[in-house]
Amino acid sequence: MSSEPRFRVAICGAGIGGLTAALALSRSPDIEVQVYEGAQKLAELGAGIGLFSRPWELIRKLGLDAELLKYTEIKPVEGPVTAFNYRKSDTPEGIEFYTLVTKGNLMTFHRPDFQNALLQNMPRSTRIHCSKRLRSYIQRPTGPIELYFEDGTTATCDILIGADGLKSAVRRSMYTEKARIAQSEQKMREAMECEASIEPVWSGTNAYRALIPAERLSARYPGHRVFTQPTQYLGKDGYVIAYPIAKGKFINFVAFKSRHDLEGTKFNGPWVSPSDSSEVTSMFRTWEPEVQALMDCIERPLRWSIHILRPLSTYVHGRVALIGDAAHASPPHQGSGAGQAIEDAFVLATLLTHPSTTRHNLSRALSIFDHVRRPVAHDVHERNRLNGQYFTFHHTSPSEELSLSPEERLRRLKELGETFTKNWEWAWMTSAEPVVREALQLLVQS
Ligand SMILES: Cc1cc2nc3c(=O)[nH]c(=O)nc-3n(C[C@H](O)[C@H](O)[C@H](O)COP(=O)(O)OP(=O)(O)OC[C@H]3O[C@@H](n4cnc5c(N)ncnc54)[C@H](O)[C@@H]3O)c2cc1C
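Written out as structure tokens, the structure is:
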């Protein structure tokens with residue numbers, strides 16, 4: 001960029017949200033983009049990620065699909081596709097009860113491949129700085145925003161995008177400042193609400209994640225169904241999800257164990273820690289043999305105590321915006337957190353790259369972003385919560401279930417399948433396009 005940029009964007013965090021925002025913004029060569037990542041190097045978690053049609057459409061618009069398709073054998077189709085098989089599996093004999101059919105496939109990837117695809121497409125002009133962990137920022141009514149990093153260095157920008165995940169330092173700074181302003185105006189309730197928005201809370205669920213080498217599972221259980229069909233194994237207070245990734249080299253495995261009554265409490269212990277496979281196995285001891293076979297093949301799974309954010313009252317303050325998990329970390333029961341981060345990045349970049357957006361009206365673009373994206377993300381959050389309850393038979397009592405005839409049990413299970421599908425189909429039956437259109441309309445009208 002030879003001449004003075006239109007404005008300078010700093011993105012804090014190089015996860016899926018931050019990198020997608022950087023890529024989408026870099027399409028406007030007159031906008032300067034600097035990405036600050038706290039980790040020493042860019043390294044995504046060795047786990048799987050799935051994207052339904054709604055975010056995949058945005059991936060196509062960003063021109064990332066060709067690169068991503070190199071990493072998967074899944075051929076995207078637009079018509080109906082079987083996405084997951086559902087089994088009730090918390091007894092020695094499992095019951096197959098439902099097949100989830102979606103419009104368009106669930107595109108599944110190994111996360112490092114996904115990150116690579118984003119980086120491959122990133123223009124050289126976008127600078128990514130590692131080992132730059134943001135501590136806080138200062139925003140004054142005019143002039144550049146000042147960024148303060150843990151290593152004692154500083155930087156400035158015209159607009160700051162907080163894509164720094166669940167424990168976001170940008171959110172902490174933003175809501176501390178908002179609480180201070182509310183206090184100075186004697187709005188004590190608002191000040192308390194702002195303070196309560198800073199820290200995530202425990203969802204009551206722990207997830208155990210592992211990648212299973214395909215040969216290992218093949219040796220233990222030849223022809224296991226998850227080689228050909230993504231499957232969710234459901235039971236009281238827990239469920240397991242398994243599907244192939246990286247062209248079938250691995251099975252992505254996640255086991256969830258829930259205590260819904262503990263949602264919103266404080267989790268005592270590390271949020272992510274290596275765990276022992278026996279810890280998981282013991283919780284699913286009575287489940288059907290297919291699940292036992294998966295359990296036998298995992299080694300040192302990572303235990304994630306799933307933390308979420310209470311819905312925030314805003315994602316923006318002046319020229320600072322939150323996106324992705326920093327704005328709306330949700331329970332992961334619809335595989336949609338990364339998709340929602342991509343949608344944030346796409347909508348925000350559409351507003352910022354619009355020719356009418358300049359250094360002098362950045363906060364207008366951000367408030368439109370907040371107006372169009374927050375209701376969608378909060379609705380998605382609630383739908384994820386509900387699916388977590390459906391998948392773990394939260395509203396079913398085991399004694400009542402025992403009294404049912406096999407036919408009645410199957411009928412109720414199928415009904416459950418239809419209920420969680422209805423709650424979830426926004427992910428493949430709807431598009432982000434109306435949100436983008438509304439954002440642009442508001443921008444040109446304002
Ligand atoms: C078990 C499980 C399964 C999931 N499966 C799916 C799925 O199939 N599909 C899907 O769409 N979503 C899924 N999700 C959700 C998804 O992983 C997240 O929503 C998504 O990764 C959020 O992306 P992000 O970029 O907002 O945040 P993150 O991925 O958390 O990235 C934040 C980045 O910011 C950096 N950072 C943090 N603090 C600072 C700081 N102070 N300064 C600078 N950098 C900082 C971090 O190092 C990191 O690189 C799943 C989540 C879980 C827990």
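101 is the number that UniProt numbering gives to position 101 of the sequence shown; each next residue is one higher, with no gaps.
For each residue, glycine too, the CB sits at the ideal point set by N, CA and C.
Taking 7 Å as the limit between beta carbons, can you name the residues of its chain near residue i, skipping five residues before and five after?
{"i": "residue 166", "result": "200, 307, 325 and 329"}
{"i": "residue 23", "result": "62, 118, 121 and 122"}
{"i": "residue 414", "result": "97 and 98"}
{"i": "residue 154", "result": "146, 147 and 148"}
{"i": "residue 163", "result": "11, 12, 13, 15, 17, 18, 21, 323, 324 and 326"}
By Cβ distance below 6 Å, which residues in the same chain neighbour residue i in space, the five residues on each side in sequence not counted?
{"i": "residue 263", "result": "203 and 204"}
{"i": "residue 156", "result": "144 and 146"}
{"i": "residue 95", "result": "88"}
{"i": "residue 47", "result": "111 and 209"}
{"i": "residue 221", "result": "293"}
Assuming residue i and residue j form a contact by the criterion Cβ under 8 Å, report the distance between their Cβ atoms to the nearest whole angstrom.
{"i": "residue 319", "j": "residue 362", "result": "5 Å"}
{"i": "residue 68", "j": "residue 84", "result": "Contact doesn't hold; Cβ gap of about 21 Å is too wide."}
{"i": "residue 344", "j": "residue 368", "result": "That pair is no contact at about 13 Å."}
{"i": "residue 347", "j": "residue 373", "result": "6 Å"}
{"i": "residue 300", "j": "residue 270", "result": "15 Å between Cβ atoms; not a contact."}
{"i": "residue 352", "j": "residue 25", "result": "6 Å"}
{"i": "residue 378", "j": "residue 442", "result": "The Cβ separation is near 19 Å, so there is no contact."}
{"i": "residue 217", "j": "residue 293", "result": "7 Å"}
Should residue i be listed as close to ligand 1, given that the test is whether its C-beta is under 7 Å from any heavy atom?
{"i": "residue 363", "result": "no"}
{"i": "residue 254", "result": "yes"}
{"i": "residue 95", "result": "no"}
{"i": "residue 68", "result": "no"}
{"i": "residue 41", "result": "no"}
{"i": "residue 341", "result": "yes"}
{"i": "residue 15", "result": "yes"}
{"i": "residue 382", "result": "no"}
{"i": "residue 239", "result": "no"}
{"i": "residue 424", "result": "no"}
{"i": "residue 428", "result": "no"}
{"i": "residue 306", "result": "yes"}
{"i": "residue 133", "result": "yes"}
{"i": "residue 209", "result": "yes"}
{"i": "residue 336", "result": "yes"}
{"i": "residue 164", "result": "yes"}
{"i": "residue 12", "result": "yes"}
{"i": "residue 270", "result": "no"}
{"i": "residue 148", "result": "no"}
{"i": "residue 37", "result": "yes"}
{"i": "residue 249", "result": "no"}
{"i": "residue 325", "result": "yes"}
{"i": "residue 332", "result": "yes"}
Ordered along the chain, which non-local residues of its own chain (more than five positions away) have a Cβ less than 8 Å from that of residue i?
{"i": "residue 391", "result": "232, 234, 239, 256, 333 and 420"}
{"i": "residue 40", "result": "130 and 131"}
{"i": "residue 380", "result": "328, 330, 334, 336, 340 and 426"}
{"i": "residue 169", "result": "12, 133, 134, 135, 136 and 162"}
{"i": "residue 174", "result": "162, 317, 320 and 322"}
{"i": "residue 42", "result": "14, 115, 119, 128 and 130"}
So, is the C-beta of residue i closer than 8 Å to a C-beta in chain C?
{"i": "residue 53", "result": "Going by chain labels, chain C is absent from the structure shown, which holds only one protein chain."}
For a minimum of 3 consecutive residues, which ranges assigned as the beta strand (DSSP E) are wholly contained in the segment 40-110? 48-51, 80-88, 95-103 and 107-110
Using 8 Å as the Cβ pair cut-off and three pairs as the minimum, do the segment 128-136 and the segment 296-311 touch? no
At least three beta-carbon pairs within less than 8 Å, the segment 338-345 to the segment 10-17: yes
Stretch-stretch touch, CB-based, cutoff 8 Å, three pairs: the segment 169-183 with the segment 286-294: no
Can you confirm whether the segment 244-256 touches the segment 206-213 when touching is taken to mean that 3 or more C-beta pairs between the two stretches lie within less than 8 Å? yes
Scan the UniProt domain "FAD-binding" (312-382) and note each continuous alpha helix (DSSP H) run of 4 residues or more that stays entirely inside, going in chain order. 325-328 and 337-353
Please give the ranges of any beta strand (DSSP E) in the segment 379-416, keeping only runs that are unbroken, at least 3 residues long and fully inside the region. none
Tell me the start and end of each unbroken alpha helix (DSSP H) in the segment 186-256 that is at least 4 residues and wholly inside, in chain order. 188-196 and 214-220
Kindly provide the ranges of any beta strand (DSSP E) runs that are 3 or more residues long and lie completely inside the segment 112-168, ordered along the chain. 127-129, 134-138, 145-149, 154-157 and 159-162
Is the segment 45-65 close to the segment 105-118, with three or more CB pairs under 8 Å? yes
Please confirm if the segment 5-12 is in contact with the segment 28-40, defined as three or more CB-CB distances below 8 Å between the two stretches. yes
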